[in-house]
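Sequences listed follow chains A and B, in order. Here the first sequence is numbered in the UniProt record's numbering, starting from 1 and rising by one per residue. Here the second sequence is numbered in the UniProt record's numbering, starting from 1 and rising by one per residue. A short worksheet on the structure shown next.
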Amino acid sequence: MSDEKRIDDATGTETTGHTWDGIEELNTPLPRWWLWTFYATIVWGVIYTILFPAWPLVSGATSGVLGWSTRGDVAADIEAVNLSNAELRDSLVSIDLAVLEENEPLHRFAVSAGASVFANNCSQCHGAGAAGVQAAGYPNLLDDDWLWGGQITDIADTVRHGIRNEDDPDARWSEMPAFGDMLEREEIAALVAHVQALGGLEHDTTLAATGSELYLDNCASCHADNGLGDRTVGAPNLTDAIWLYGSSDEALTETIANARFGVMPPWGERLGEAQVRAVSAYVHGLGGGERPVGE
Amino acid sequence: MTDTPPLFAAREPIFPRRVSGTFRRLKWWIMALTLGIYYLIPWIRWDRGPNLPDQAVLVDLAGRRFYFFWIEIWPHEFYFVAGLLIMAGLGLFLFTSALGRVWCGYTCPQTVWTDLFILVERWIEGDRNARVRLWKAKWDARKIRLRITKYAAWAVIGLATGGAWVFYFADAPSLARDLLSGSAHPVAYTTIAILTFTTILLGGIAREQVCIYMCPWPRIQGAMVDDGTLTVGYRDWRGEPRGKKHENQTGDCIDCMACVNVCPMGIDIRDGQQMACITCALCIDACDDVMDKIGKPRGLIDYLALSDRPPEVPSGAAAAQPLVADGGVMALAASDVASAQGVYGGLTAGAPANATPPTWQPQPAWRHIFRRRTLVYTTLWALVGVGLVVALFIRPEIDMTVAPVRNPQFVTLSDGTIRNAYDIRLRNKHGEPRDFHLSLRADETLRIALEGRDNLVVPVPADSTLLQRVYVSARPQDAAAGTDRTDLRFWVEDIVSAERAHSDTLFFGKEAAQ
């Protein structure tokens, strides 16, 4: 340490008096306000850690005396959005669904809300793109083929009560018998050929002719003589290009012999009427939605 | 501990003296111009029709629009802002290489507001000597009264500064009414409060500390000036050795300290170029005034370049090194001046004894301004500018972006038709609602339909976008239904103006991955 003020010869700058291996440290003083600012940040930091969540503990962190949290912030934001949407939600619940499309702002609200509802609750089975699972019994909601009706009110009913579930007495219900117990193997093969013929697919014509008689006796009561199906009982149209469980010999044999029993849970209680209507509007607008005939 | 030098230095108060002259007058005009632009621009009206705001310059953060007179910028046109920033950067390069830190000295908000604050300070507390006396005076009623008056005036300026700022972000007249009636958004009040505080802090209290310690620009500019750059300098070859006029063999500098007293940065320009100098040129005015009084030619302190020294220095002294503090050095300490005096000593010692008055000739300034470097900057600057102007005129008023829906790639309908879906965002930049007609062109037969609409016309509201789902389908017998990919082009046409835009995309048929 030096006893007096040392001036560095080369630069003319005062030194701090610190010397290491003959190297001296020049003293270029910082402005004093900089030091005050530094102290101020320390004070700020102390106050901050008292007020807000800060110090990590073994299982959690100090919560801060203000009780603020990011989670609480998000909850408040969601609450505020819900509050600001309350009016729209109320009118969505009270409007006649058949005329929802005519109310453009409300329809837009329903469709965008419905997209979120769908992503959260429906996409697990029907897919994020609503294309279902091909040939595996989860219907594609983008096409124009509907088992239980494709008008927005039909869709809302299906969503509200579900299909073939035990939880909701109003669930859509029908049950195809397992014909494996009633028909011979050859008879089932003939039916398969006939059903393929109905759908305009490649088939064994000889077998199909045999199957025609069997079809009228066993299947026509639900699927109709011409194979167009019956939506009141959810019997699929066998003449179109869409096959929920596939149209191969194996798939159709399995369907006829052991039947299918697609189940969908009721969503009415879980989602509430507003979300049911919103998701119905969304699904109706995916490209296959039907409108009342005669308009 | 008494022998330990202080590691932190208190601010030396600076009391710039009033000065008048060419550059001071120029600075008053520039101050009036820049402050006028800042305060008045939000109040200019510009009629854009019933659907758009009528404020000439408006940053509409909520609506995500920037309005500048006849120009409206959408978020996707942010490249205009990038281009303007590039132009601002090149412009600064240009001005810095030609004229040194003119930005700092004349137009930097920190300089302009500090200048204004010093002006107010002088009106209230008097000129330099009075202010020094007041600084040293004990706290009596008069000092308290003057200080309160000064801070009150500064607060008014700060309030006006912050107040003007928020008008750029909302409709100025209605926001002004809301502010006065207390019903404006809290963000407006908070912004005004913060800017009021920072204006007083930076312009009134921190002043030169901002330039020396907080601003990165002095460091950058130190690297951008060269020997040919005009900066404020001191003709040491003419002024030294400095001293009283009557003494024999002295330079023109009479060491009156006028240049130091007027300096808002509190430096001595005779120490040479230094980082703390913002080249405000007030020392030139002060020195010229003194030179006039003692009957010497003006320009002892002047705009000059380092390269001016050799041609100007009288013969016999040309070998002397120019007196320059490194641009990167913070400021010269008192000891630098002492060593600098040694240089002057060498200079005068080398000059012939009893020399006639120096025959130096000022070098013309235009030679420093028109140089290859500045011409390159000017060219680049102009190219970017021309590019932006061209881009401004050819940008379309309607536009579309097509996002094919690929989950799933296609949908089979009950009659076997293959259908693809596309989310098309239609953009209407007109100030009124427009009807857009959508169509498609492809080599194969394809049909187009719009979700939720019976025809192919989409009404798009004024100055906004609309997302429309579009279906394109191929019947089973159409070639596209069985083809992996089919090229197609969407066209959108504004039915009123017949403007068109298109976008190319693909149709996926049944051969696509299943």
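From the three backbone atoms N, C-alpha and C, an ideal C-beta is built for every residue, glycine too. Computed from a prediction, not measured in an experiment: that's the story for all the values here.
Taking C-alpha atoms, which residue in B:C277, B:D308, B:I254 lies nearest to K293 (chain B)?
-> B:I254
Take A259 (chain A) and list the residues in its own chain whose beta-carbon comes closer than 7 Å to its own, dropping the five residues that flank it on each side.
-> M176, P177, A178
Going by Cα to Cα distance, which pick from B:I220, B:T505, B:T379 is closest to T401 (chain B)?
-> B:T505
Between the Cα of C222 (chain A) and the Cα atoms of A:C125, A:L238, A:A208, which residue gives the shortest distance?
-> Of the listed residues, the one whose Cα sits closest to C222 (chain A) is A:L238.
Is the stretch 221-229 of chain B close to the stretch 93-103 of chain B, with three or more CB pairs under 8 Å?
-> yes
Going by alpha carbons, who is nearest to F167 (chain B) out of B:I157, B:T191, B:L146, B:T149?
-> When the alpha-carbon of F167 (chain B) is set against those of B:I157, B:T191, B:L146, B:T149, the nearest one is in B:T191.
Beta strand (DSSP E) containing S174 (chain A): first to last residue?
-> No beta strand (DSSP E) contains S174 (chain A), which DSSP labels as neither H nor E.
Within-8 Å CB hit, I242 (chain A) to chain B = yes
Option in B:G272, B:I194, B:D271, B:Y303 with minimal Cα separation from L282 (chain B) | B:Y303
Give me the Cα-Cα distance between A365 (chain B) and L230 (chain B), rounded to the nearest whole angstrom.
-> 8 Å
Applying a beta-carbon distance threshold of less than 7 Å, which residues of chain B neighbour D144 (chain A)?
-> L413, S414
Alpha-carbon spacing of D181 (chain A) relative to A257 (chain A), whole angstroms | 7 Å
CB contact below 8 Å: E451 (chain B) versus chain A | yes
Would you say the stretch 126-141 of chain A touches the stretch 16-29 of chain B, given that touching needs at least three Cβ pairs under 8 Å?
-> no
Report yes or no: is there a C-beta of chain B within less than 8 Å of the C-beta of L30 (chain A)?
-> yes
Could you name the residues of the stretch 221-254 of chain A whose beta carbon sits closer than 9 Å to any beta carbon of chain D, in the order they occur along the chain?
-> Absent from the structure: chain D. Protein chains present are A and B.
Please list the partners that residue 319 (chain A) has in chain B, where partner means a Cβ-to-Cβ separation under 9 Å.
-> The shown model of chain A, from 1 to 295, leaves out residue 319 (chain A), and the question about it has no answer.
Enumerate in chain order the residues of its own chain whose CB-to-CB distance from I14 (chain B) is below 8 Å, with the five nearest sequence positions on each side excluded.
-> R207, E208, C263, P264, M265, G266
Any 3 or more C-beta pairs closer than 8 Å across the stretch 157-171 of chain A and the stretch 266-284 of chain A | Under the 8 Å Cβ criterion, the stretch 157-171 of chain A counts as touching the stretch 266-284 of chain A, having at least three qualifying pairs.
Given that a residue counts as buried once 16 or more other Cβ atoms are within 10 Å of its Cβ, and exposed if not, what is T62 (chain A)?
-> exposed
DSSP-derived helix/strand/coil call for P139 (chain A) | coil
Do A286 (chain B) and A258 (chain B) have their C-beta atoms closer together than 8 Å?
-> Yes, these two residues count as a Cβ contact at 8 Å.
Contiguous alpha helix (DSSP H) assignments of at least 4 residues, all confined to the stretch 64-127 of chain B = 79-99, 109-125
Minimum Cβ-Cβ distance from A197 (chain A) to chain B less than 8 Å | Chain B contact via Cβ: absent.
With distances taken between CB atoms, is the gap from G162 (chain B) to T199 (chain B) smaller than 8 Å?
-> yes
Environment of R89 (chain A) [buried if 16+ CB atoms lie within 10 Å] | buried
Give the range of the beta strand (DSSP E) segment to which T41 (chain A) is assigned.
-> According to the DSSP assignment, T41 (chain A) belongs to no beta strand (DSSP E) but to the alpha helix (DSSP H) extending over 32-51.
Please decide whether A131 (chain A) counts as near chain B, where near means a Cβ-Cβ distance under 8 Å.
-> So, interface residue.
Using the DSSP secondary-structure output, state which residues sit across from A449 (chain B) in a beta bridge.
-> B:Y471
Chain-ordered chain A contacts of Q209 (chain B) [CB-CB under 8 Å] = P31, W33
Residues that G287 (chain A) contacts on chain B, provided the C-beta gap is smaller than 8 Å = Correct list: V411, R419, A421, E451, R469, Y471.
Given K244 (chain B) as reference, the closest of B:R238, B:C256, B:R427, B:A449 once Cα atoms are compared = B:C256
Assigned secondary structure, V187 (chain B) (DSSP; H/G/I helix, E/B strand, else coil) = helix
With 16 other CB atoms within 10 Å as the buried threshold, where does L58 (chain B) fall?
-> buried
Pick helix, strand or coil for V343 (chain B), following the three-state DSSP scheme.
-> Because the pLDDT at V343 (chain B) is just 37, under 50, the model does not fix this residue reliably, and the point stays unresolved.
How would you write the range of the beta strand (DSSP E) that M264 (chain A) sits in, first residue to last?
-> No beta strand (DSSP E) contains M264 (chain A), which DSSP labels as neither H nor E.
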